Amino acid sequence: MLEYLALPFMQRAIMAGLILGALLSLLGIFVVLKRMAFFSDGIAHASLAGVALGVLTNANPLYVALGASSIFAVLISWFERKTKIASDAIIGLIFTAGMATGVVLLSLKKGYQPELVSFLFGNILSLQWSELYIMAGLGLLIIIYLMFRHKQLALMILNPDIAHANNIKVSLHQTILYVIIALSVVLGMKMLGVVLVSALLIIPVSTAKIFSQSFHQLMAYSVIISEISIVLGLILSIILNLPTGAVIVLTGIAIFGLTMAGQRLKLQFFHGQTG
Numbered sequence: 040m041l042e043y044l045a046l047p048f049m050q051r052a053i054m055a056g057l058i059l060g061a062l063l064s065l066l067g068i069f070v071v072l073k074r075m076a077f078f079s080d081g082i083a084h085a086s087l088a089g090v091a092l093g094v095l096t097n098a099n100p101l102y103v104a105l106g107a108s109s110i111f112a113v114l115i116s117w118f119e120r121k122t123k124i125a126s127d128a129i130i131g132l133i134f135t136a137g138m139a140t141g142v143v144l145l146s147l148k149k150g151y152q153p154e155l156v157s158f159l160f161g162n163i164l165s166l167q168w169s170e171l172y173i174m175a176g177l178g179l180l181i182i183i184y185l186m187f188r189h190k191q192l193a194l195m196i197l198n199p200d201i202a203h204a205n206n207i208k209v210s211l212h213q214t215i216l217y218v219i220i221a222l223s224v225v226l227g228m229k230m231l232g233v234v235l236v237s238a239l240l241i242i243p244v245s246t247a248k249i250f251s252q253s254f255h256q257l258m259a260y261s262v263i264i265s266e267i268s269i270v271l272g273l274i275l276s277i278i279l280n281l282p283t284g285a286v287i288v289l290t291g292i293a294i295f296g297l298t299m300a301g302q303r304l305k306l307q308f309f310h311g312q313t314g
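Mapped onto my numbering, the consecutive letters of the sequence shown carry residue numbers 40 to 314.
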């Protein structure tokens with residue numbers, strides 16, 4: 040197993056996994072609080088338009104998808120604030136428009152496209168150094184923003200009226216939150232694929248909520264659980280020769296299930312002692 044760690048592609052995968060694990064798990068807290076799971080799914084699917092445009096123009100699909108997802112996020116935020124259309128309907132419109140555009144663009148490019156497959160199903164082992172640098176740079180900026188603004192963001196999500204009263208620019212920070220979630224989802228697609236990327240936003244936070252006693256504990260435990268899921272999933276996928284993204288998600292679900300079972304046993308034992 041140690042010989043795998045000496046391979047450049049494995050080193051890139053582990054570094055990217057650790058960065059994305061911290062990033063997606065921290066953002067996942069706000070996704071869960073604001074009930075935005077459909078938003079992250081919608082952005083992932085809509086970003087297919089950016090991936091397809093990159094493939095068609097021979098540009099790096101990751102960079103084009105990052106730009107496209109940012110535009111979609113700003114549009115969703117704007118429509119939510121300026122129209123009476125329900126949020127899930129807006130996301131559905133963007134989702135289907137992006138997917139349809141992606142399908143049309145891909146029909147113009149003939150032949151097998153490995154870059155497209157890596158975004159659809161995830162393949163972190165194919166990550167290049169230039170893409171890792173983008174992940175590290177964007178990830179660091181977003182994490183710094185979350186560290187400094189997490190209290191304002193939580194208040195904005197839980198009670199927008201009080202946030203307004205405290206001079207928090209709700210519209211601005213909502214748009215920023217949407218954009219950074221969109222960027223992070225696209226980065227995560229490289230590891231988990233379009234279908235599974237939302238799992239890393241939801242599963243670590245859901246697991247951490249079982250035993251966290253405060254918001255700061257929730258942040259810390261979410262990151263730890265995410266990192267364990269990714270590293271363990273990467274190792275298992277190499278040993279078992281299975282798809283990396285799917286194994287990472289299943290590892291996270293297994294940790295969630297074991298945590299739930301452990302918590303129930305603990306409660307039963309506690310009630311038995313006091314009964």
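We treat Cβ as the ideally placed atom computed from N, Cα and C, and that holds for glycine.
Small disclaimer: the values here were computed from a predicted structure and weren't measured.
Check, Outcome
"If I measure Cβ to Cβ from residue 119 and keep anything under 7 angstroms in the same chain, skipping five residues before and after, which residues do I get?", "126, 129"
"Does the stretch 58–71 come into contact with the stretch 238–249, if we say contact requires no fewer than three beta-carbon pairs (one atom in each stretch) closer than 8 angstroms?", "yes"
"So, for residue 385: in the same chain, excluding its five sequence neighbours on each side, which residues have a beta-carbon less than 8 angstroms away from its beta-carbon?", "Nothing in the structure corresponds to residue 385, since the chain is present only between 40 and 314."
"Could you tell me if residue 260 is buried or exposed, where buried requires 16 or more neighbouring beta carbons within 10 angstroms of its beta carbon?", "buried"
"Let me check understanding here. Comparing Cα to Cα, which of 246, 220, 247, 173 lies closest to residue 236?", "220"
"Contact between the stretch 267–275 and the stretch 91–106 is defined here as three or more beta-carbon pairs at a separation below 8 angstroms; is this criterion met?", "no"
"Quick one: which unbroken alpha helix (DSSP H) runs of 4-plus residues sit fully inside the stretch 145–230? Chain order, please.", "153–160, 168–197, 199–204"
"Does DSSP put residue 299 in a helix, in a strand, or in coil?", "helix"
"So, for residue 218: in the same chain, excluding its five sequence neighbours on each side, which residues have a beta-carbon less than 7 angstroms away from its beta-carbon?", "109, 112, 113"
"So residue 253 is in the alpha helix (DSSP H); what residue range does that whole segment cover?", "No alpha helix (DSSP H) holds residue 253; DSSP gives it neither H nor E."
"Could you spell out the range, first to last residue, of the alpha helix (DSSP H) harbouring residue 74?", "Taken as a continuous stretch (DSSP letters only), residue 74 belongs to no alpha helix (DSSP H), as it is neither H nor E."
"Could you tell me whether the stretch 205–214 touches the stretch 249–265, using the rule of 3 or more Cβ pairs below 8 angstroms?", "no"
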